[in-house]
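Undergrad: Just passing along the structure, written as structure tokens.
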Amino acid sequence: MRTVRIGSGAGYSGDRIEPALELAEKGDIQYLVFECLGERTVALAQQARLKDPDGGFDPLLEARMRAVLPTCAAKGIKIVTNMGAANSWAGARKIAEIARSLGLSKLKVAAVVGDDVLDACKNRDLPLIEIDGTIKTLGNRIVSANAYLGAEPIAQALRGGADVVITGRASDPALFLAPMIDAFGWAMDDWEILGRGTVAGHLLECAGQITGGYFADPGYKDVEGLARLGFPIGEVSEDGSLVVTKVAGSGGAVTARTCKEQLLYEVHDPKKYLQPDVVADFSRVSVEEIGQDRVQVTGGRGTARPETLKVSVGYVDSYIGEGQISYAGPGAVARGKLALEIVRERLQLTGVCASELRFDLIGVDSLHGERLSAGHDPYEVRVRVTGRTENLAEAVRIGNEVETLYTNGPAGGGGAFKSARDVVAVASVLLPRELATPSVRFVEA
Amino acid sequence: MVKLREIAHSRTGDKGNTSNISVIAYDPKHYPVLLSQVTSTRVKAHFADVVDGDVVRYELPNISALNFVMDQTLGGGVTRSLALDAHGKALSSALLDLEIDIAPDDDGGRKP
Numbered sequence: 033m034r035t036v037r038i039g040s041g042a043g044y045s046g047d048r049i050e051p052a053l054e055l056a057e058k059g060d061i062q063y064l065v066f067e068c069l070g071e072r073t074v075a076l077a078q079q080a081r082l083k084d085p086d087g088g089f090d091p092l093l094e095a096r097m098r099a100v101l102p103t104c105a106a107k108g109i110k111i112v113t114n115m116g117a118a119n120s121w122a123g124a125r126k127i128a129e130i131a132r133s134l135g136l137s138k139l140k141v142a143a144v145v146g147d148d149v150l151d152a153c154k155n156r157d158l159p160l161i162e163i164d165g166t167i168k169t170l171g172n173r174i175v176s177a178n179a180y181l182g183a184e185p186i187a188q189a190l191r192g193g194a195d196v197v198i199t200g201r202a203s204d205p206a207l208f209l210a211p212m213i214d215a216f217g218w219a220m221d222d223w224e225i226l227g228r229g230t231v232a233g234h235l236l237e238c239a240g241q242i243t244g245g246y247f248a249d250p251g252y253k254d255v256e257g258l259a260r261l262g263f264p265i266g267e268v269s270e271d272g273s274l275v276v277t278k279v280a281g282s283g284g285a286v287t288a289r290t291c292k293e294q295l296l297y298e299v300h301d302p303k304k305y306l307q308p309d310v311v312a313d314f315s316r317v318s319v320e321e322i323g324q325d326r327v328q329v330t331g332g333r334g335t336a337r338p339e340t341l342k343v344s345v346g347y348v349d350s351y352i353g354e355g356q357i358s359y360a361g362p363g364a365v366a367r368g369k370l371a372l373e374i375v376r377e378r379l380q381l382t383g384v385c386a387s388e389l390r391f392d393l394i395g396v397d398s399l400h401g402e403r404l405s406a407g408h409d410p411y412e413v414r415v416r417v418t419g420r421t422e423n424l425a426e427a428v429r430i431g432n433e434v435e436t437l438y439t440n441g442p443a444g445g446g447g448a449f450k451s452a453r454d455v456v457a458v459a460s461v462l463l464p465r466e467l468a469t470p471s472v473r474f475v476e477a
Numbered sequence: 009m010v011k012l013r014e015i016a017h018s019r020t021g022d023k024g025n026t027s028n029i030s031v032i033a034y035d036p037k038h039y040p041v042l043l044s045q046v047t048s049t050r051v052k053a054h055f056a057d058v059v060d061g062d063v064v065r066y067e068l069p070n071i072s073a074l075n076f077v078m079d080q081t082l083g084g085g086v087t088r089s090l091a092l093d094a095h096g097k098a099l100s101s102a103l104l105d106l107e108i109d110i111a112p113d114d115d116g117g118r119k120p
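Protein chains in written order, with our numbering: chain H, 33 to 477; chain U, 9 to 120.
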């Protein structure tokens, strides 16, 4: 049976680059996929594009491409990435320019466009998922609306001879499903096999999270060579069966345990993993270690795709102000608590307008609240106060009231830090799929 | 009594204001223990200060795992939360602190 090897070169926008190069050089792969687009990244990139019409793609695009393009071009490894963010066409032209500068004059780059559905959304009063309200209630605070596109336009670009395909918002597993469709010619209504391919894509999309990253727990789950953590390779067969592995000699480990954890990562109902191309069913998946760093994954299934596409709507939500300061030695916790009470009262006295405030002692109760944190006093604590405000000036005042603890608070406060930032948040709506019309544009180096 | 950490491992994921936590038995023999002792009611009570919404449990016998989906958990959503750990990544470790009743001679099944 025919197989194809797909490398996962990034699990988020800031991910390490060396493991991607290792995959290209030593992974014996035919495709290299970079998943770099977080929930709100498109909204932030859209703001960048408004300032610069040729901007709006991933800031690490150039560094990643310069690192892997020569090897990928030499070996005929095709690249698929969502680093286009809010401007895949500008990203494609940038890649062509980089290829030219590297002397790779025959490289063909394709951009998938059409995930921007802001106009289609604005004209419809679609209800927001998870939070109250509709898209209209966000009014002119909306920055962007991008539909999660499926594998079809990416596969079309690969069939059209693209060496590099760059998208904006696309479902993460679809970035991997498209190479499988390209390699094996799977039908877009073969739900069972698309479901199996989606299991593979889901397992690979977070890169190092299946090779030992986000996993190690000394004495319980030990992982060798984390500093040199290698990224995964999916060995997919024509029937959709999968073996997860990695480059021999790289750090980390691919085990049944790492695969089980990643299988359920960000999954809700395992029977209904909603994708643009299929509803995948993870509930009967099994994993088996068949060799060192080789895990076979079977049992993925699928049913017909949903009639709607998920759309991420970016909107200007609020501002957040924050301040931190540390206390140490005997009585550190008591002084930290006193500091929090002082700031709480001062924010009232000075009339700081915040719709939401949070008072934490880092090292004591900042992560999960007082009840779960009850225990011994630590040597040191860090006070943290955050608040949500309607404008930046108001947000600045929150951090100021922590900083003033230096000379106006308990004894021995050190290392104060403050920040204030605007918050572009993301809400989701479901859009009838026919209202998104993806297409492919080519550019040659 | 042992900590859940002795018989299971766990990973947290996030989507919007919803967190999901997997609980995976090291040894399949402990899957029935997870089924009977790690209930959605107990998880909701454990995270009383953290979870404002419902906790739904999904069962995956093929990999000896449970998946807990916890609504209204991430401070209004990862992209706008005031929390230090906006993604809730550390929640899995907190869940492994649950007390579990297993036989005194049970080794926990962690060694591969």
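Backbone N, C-alpha and C fix where the C-beta goes; we use that ideal spot for every residue, glycine too. Just so we're clear, the structure is a prediction, and the values are computed from it rather than from any experiment.
Count the CB pairs spanning the segment 348 to 364 of chain H and the segment 236 to 253 of chain H that are closer than 8 Å, and state whether there are at least three.
TA: no
Undergrad: Who are the Cβ neighbours of residue 152 of chain H in its own chain at under 6 Å, not counting the five residues just before and after it?
TA: 467
Undergrad: Between which two residues does the alpha helix (DSSP H) harbouring residue 97 of chain H extend?
TA: First-last of the alpha helix (DSSP H) with residue 97 of chain H: 93 to 107.
Undergrad: Chain H partners of residue 30 of chain U, CB-CB under 9 Å?
TA: Chain order gives the chain H residues near residue 30 of chain U as 292, 293, 295, 296, 297, 299, where near means a beta carbon separation below 9 Å.
Undergrad: Could you please tell me which residues of the segment 46 to 59 of chain U, in chain order, have their CB closer than 8 Å to any CB of chain H?
TA: Residues of the segment 46 to 59 of chain U with a C-beta less than 8 Å from any C-beta of chain H: 54, 55, 56, 57, 58, listed in chain order.
Undergrad: Only counting the same chain, and skipping five residues up and downstream in sequence, which positions put a Cβ closer than 7 Å to that of residue 49 of chain H?
TA: 95, 96, 99
Undergrad: Output the distance between the C-alpha atoms of residue 346 of chain H and residue 205 of chain H, rounded to the nearest integer angstrom.
TA: 22 Å
Undergrad: Nearest CA to the CA of residue 181 of chain H: which residue from H/436, H/474, H/470?
TA: H/470
Undergrad: Can you name the residues that DSSP bridges to residue 392 of chain H?
TA: H/416
Undergrad: Report the rounded CA-to-CA distance for residue 294 of chain H versus residue 193 of chain H, giving the unit in angstroms.
TA: 32 Å
Undergrad: Among H/474, H/358, H/423, H/414, which residue has its Cα nearest to the Cα of residue 455 of chain H?
TA: H/423
Undergrad: Which chain U residues sit within Cβ distance under 7 Å of residue 412 of chain H?
TA: Simply none; closest approach about 16 Å.
Undergrad: Between the alpha carbons of residue 431 of chain H and residue 71 of chain H, how many angstroms are there, rounded?
TA: 27 Å
Undergrad: Checking 9 Å against the spacing of the C-beta atoms, do residue 60 of chain H and residue 81 of chain H come in under that value?
TA: no
Undergrad: If we define contact as Cβ-Cβ less than 9 Å, is residue 474 of chain H a contact residue for chain U?
TA: no
Undergrad: Would the beta-carbon of residue 277 of chain H fall within 9 Å of that of residue 316 of chain H?
TA: Contact check for residue 277 of chain H against residue 316 of chain H fails: the beta carbons are separated by 9 Å or more.
Undergrad: At what residue ranges does the segment 243 to 326 of chain H contain a whole run of the beta strand (DSSP E), taking only runs of 3 or more?
TA: The beta strand (DSSP E) runs of length 3 or more contained entirely in the segment 243 to 326 of chain H are, from start to end of the chain, 264 to 269, 274 to 278, 311 to 313, 318 to 323.
Undergrad: Apply the 10 Å Cβ neighbour rule to residue 115 of chain H and answer buried if 16 or more other Cβ atoms are within range, or exposed otherwise.
TA: buried
Undergrad: Taking the beta carbon of residue 438 of chain H as the centre, do at least 16 other beta carbons fall within 10 Å, making it buried, or is it exposed?
TA: exposed
Undergrad: Tell me the DSSP secondary structure of residue 94 of chain U in three-state form.
TA: coil
Undergrad: For the alpha helix (DSSP H) holding residue 49 of chain U, just list the boundary residues, first then last.
TA: Segment 48 to 54, the alpha helix (DSSP H) holding residue 49 of chain U.
Undergrad: Helix, strand or coil, according to DSSP, for residue 212 of chain H in the structure here?
TA: helix
Undergrad: Buried or exposed, going by whether 16 or more other CB atoms sit within 10 Å of the CB of residue 68 of chain H?
TA: Counting other Cβ atoms within 10 Å of its Cβ, residue 68 of chain H reaches 16 or more and is therefore classed as buried.
Undergrad: Residue 98 of chain U touches chain H at which residues, Cβ-Cβ below 8 Å?
TA: 399, 400
Undergrad: Buried or exposed: residue 75 of chain U, going by 16 or more other Cβ atoms within 10 Å of its Cβ?
TA: buried
Undergrad: 9 Å is my cut-off, CB to CB: does residue 126 of chain H come that close to chain U?
TA: no
Undergrad: Return the bridge partner residues of residue 31 of chain U from the DSSP annotation.
TA: Beta-bridge analysis with DSSP links residue 31 of chain U to U/18, U/74.
Undergrad: At 7 Å on the CB atoms, spell out the chain H contacts of residue 66 of chain U, in chain order.
TA: Proximity of chain H to residue 66 of chain U at the Cβ level (cut-off 7 Å) is accounted for by 301, 302, in chain order.
Undergrad: Compare the C-beta of residue 22 of chain U with all C-beta atoms of chain H and state if any pair is closer than 9 Å.
TA: yes
Undergrad: Using a Cβ cut-off of 9 Å (strictly closer), state whether residue 167 of chain H contacts chain U.
TA: No, no contact with chain U.
Undergrad: Look up residue 476 of chain H in the DSSP assignment and give the residues it is bridged to.
TA: H/140
Undergrad: So is residue 385 of chain H buried or exposed if we call it buried at 16+ other beta carbons inside 10 Å?
TA: Counting Cβ neighbours within 10 Å, residue 385 of chain H comes out exposed, since fewer than 16 surround it.
Undergrad: Can you tell me which of the three DSSP states residue 36 of chain U falls into?
TA: helix
Undergrad: List the residues that DSSP assigns as beta-bridge partners of residue 356 of chain H.
TA: Residue 356 of chain H pairs with H/416, H/449.
Undergrad: Would you mind working out which of U/78, U/55, U/60 sits nearest residue 66 of chain U, comparing C-alpha positions?
TA: U/78
Undergrad: Based on Cα-Cα distance, which residue from H/173, H/225, H/280 lies nearest to residue 324 of chain H?
TA: H/280
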